[in-house]
Amino acid sequence: MSALLAEDLLNQMIPPLKSTDTTAKAARWLEEFHVGQLPVVTGTHYQGLITENDLADYENPDTQLAELPLRYADTYVQHDQHFFRIMELAIQNRIQLVPVLDEQQEYAGVVTVSDALAAFGPVPGPAGQGSILVLTMEERDYSLSQISRYVEENNAKILSAHVVADEHDPFRIRLTLRLNTDNLARITATLERFGYLVSAQFSGTAAVSEDEQDRFDALLRYLSV
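Following the working numbering, the residues of the sequence shown are numbered contiguously, the last one being 231.
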């Protein structure tokens with residue numbers, strides 16, 4: 007199973023804009039690359055994202071991007087962060103791509119939502135069905151066959167699974183599961199009973215807040231592309 011880390015998903019076809027570039031160039035590149043945002047850098051330092059809406063406020067095509075109040079300066083992932091975090095940021099901020107920083111905190115590139123989802127794999131079944139479950143556990147406790155048995159005992163199946171080291175603890179791992187059911191209550195109860203930590207979940211029928219439901223719906227829309 008691939009780890010699906012940000013550094014493995016970088017899109018080499020989308021270049022960053024420089025802070026000395028003009029709004030005219032930014033508009034041209036947004037159209038050329040068919041994206042709603044592009045990263046802006048000063049040297050190798052990530053400054054933020056420029057969007058189509060940002061450019062609409064500036065009529066002078068020679069205005070440099072350094073003069074614009076860029077947003078999303080704090081919206082990025084580290085090179086060794088997981089697919090799940092990329093999707094979290096994309097959904098929360100309603101953006102099509104997420105900047106990536108390297109070990110020196112310098113700009114490394116971007117991961118697009120479409121590239122991340124292509125790596126995760128296609129979603130079988132009707133759009134809007136299914137769920138995402140993220141488990142955290144000690145590496146020595148990891149057994150996909152055992153976890154699959156617990157899931158199947160609750161009349162569900164694992165459609166895909168990806169594992170990555172926990173960025174905060176080298177002895178723990180994070181397992182992202184895609185399931186063919188949108189009812190996670192019994193599954194999570196079973197897994198927790200056997201000592202697995204459910205660190206995140208997106209389920210269409212769980213009792214969640216309106217904001218959480220919006221995030222889940224957005225994720226399933228992405229997964230249905």
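Even for Gly, the Cβ is constructed at its ideal location relative to N, Cα and C.
Closest Cα partner of Val41 within the set Leu74, Leu103, Leu95: It is Leu103 whose Cα lies nearest to the Cα of Val41.
Kindly list the residues whose CB is nearer than 7 Å to the CB of Pro132, restricted to its own chain and excluding five residues on each side of it in sequence; keep chain order. Low local confidence applies: a pLDDT of 47 at Pro132 is under 50, so the model's placement there is unreliable, with the coordinate-based value given in what follows. If the five residues before and after Pro132 are omitted, its C-beta is found closer than 7 Å to no C-beta atom of its own chain.
Considering only DSSP beta bridges, list what Thr81 is partnered with. The partner list for Thr81 (beta bridge, DSSP) is empty, contrary to what the question assumes.
Can we say the segment 82-94 touches the segment 63-70, given the rule of at least three CB pairs closer than 8 Å? The segment 82-94 vs the segment 63-70: no contact.
According to DSSP, simplified to helix, strand and coil, what is Ser137? Looking at Ser137 - three-state DSSP - the assignment turns out to be strand.
Out of Arg192, Glu73, Ala72, which one is the CA nearest neighbour of Glu159? Selected option, being the one with the closest Cα: Arg192.
Would you kindly work out how many angstroms separate the C-alpha atoms of Val170 and Gln70, rounded to a whole number? Their Cα atoms are separated by approximately 40 Å.
Whole runs of the beta strand (DSSP E) within the segment 152-198, excluding any shorter than 3 residues: As far as the segment 152-198 is concerned, its whole beta strand (DSSP E) runs of at least 3 residues are 164-172, 175-185.
Short check: CB of Thr48 to CB of Ser25, under 8 Å? Cβ distance < 8 Å, so Thr48 and Ser25 count as in contact.
Quick one, are the C-beta atoms of Leu11 and Asp86 less than 8 Å apart? Yes.
In DSSP terms, what Glu144 is bridged to: Bridge partners of Glu144 according to DSSP: Arg178.
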